[in-house]
Amino acid sequence: MHLKSFIQYLYMSKFLSKSQEESIVEAIKEAETETSGEIRVHIERKCKAEDPVGRAKEVFAELEMHETELRNGVIVYVASKDHKVAIWGDEGIHQKVGQEFWEEEVKLLVKYFQAEDHETGLKEVVLQIGHKLKENFPYQSDDIDELSNEISYNKEDDA
């Protein structure tokens, strides 16, 4: 195991176990199978911004999620130590589902997190986002997976 992977493993074992992480990645893959949309989950310890939505937008840009062809990328952002979450959808999907959808998904995520069930919360939200992406951006035969399905982490958390 590479040092970076080992450090991520040690950190995530406190928030998600390796099997929980793998389960969430599988949910992302499942959610994306019938849509051209892209979903990423990003986890870091502390939110670098006052507002988690602002930080989610920053991470969205850092991960180049705005470069999807149909502007239909969605990021689920978690600052585990600060207990902050946000969901940010690019303009293509946001125009279709509106702010109320994102707010409902954040409420669902918070409900599961308050019960210390991070895995189920992330999986449920990812699958529901996938359903909305499927409704609005159905899979086309020439679709390619434009972004990684792996959970991303703040690189500074590795130090």
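Sequential numbering of the sequence shown, starting at 1, is according to the numbering used here.
All C-beta atoms, glycine included, are put in the ideal place defined by N, C-alpha and C.
Taking all protein chains shown into account, do 16 or more other C-beta atoms lie within 10 angstroms of the C-beta of residue i, making it buried, or fewer, making it exposed?
i	result
T68	buried
S148	exposed
K18	exposed
K111	exposed
L123	The residue you asked about is not Leu; residue 123 is Lys in the sequence shown. It counts as buried.
D90	buried
Y9	Bear in mind that the predicted position of Y9 carries a pLDDT of just 44, short of 50, making it unreliable; the figure below should be weighed with that in mind. Exposed is the call here.
S5	Note that S5 scores a pLDDT of 45, beneath 50, so its modelled location is shaky and nothing firm can be said.
Cα separation between residue i and residue j?
i	j	result
Q20	E64	26 Å
R55	D82	13 Å
E58	S36	23 Å
Q140	A27	20 Å
V70	Q95	Reading off the sequence shown, one finds Leu at residue 70, where the question assumed Val. Taking the straight line from one Cα to the other gives about 12 Å.
E119	K46	19 Å
W102	E22	24 Å
E62	S152	11 Å
F15	G121	13 Å
K48	E34	34 Å
G73	I24	17 Å
E150	W88	17 Å
V125	P52	17 Å
G92	F60	14 Å
State the CB to CB distance for the pair residue i and residue j, rounded to an integer number of angstroms; the pair is presumed to be in contact (CB under 8 Å).
i	j	result
L127	E38	So it is not a contact: roughly 15 Å between Cβ atoms.
E32	G130	6 Å
E44	A79	6 Å
F113	V76	Their Cβ separation, rounded to whole angstroms, is 12 Å, which puts F113 and V76 out of contact at 8 Å.
Does the structure place the region 133-142 close enough to the region 40-56 that three or more beta carbon pairs sit under 8 Å?
no
Length-filtered (4 minimum) alpha helix (DSSP H) runs lying within the region 38-88
52-62
In chain order, which continuous runs of the beta strand (DSSP E) of length 3 or greater are located wholly inside the region 84-115?
Complete beta strand (DSSP E) runs here, min 3: 84-89.
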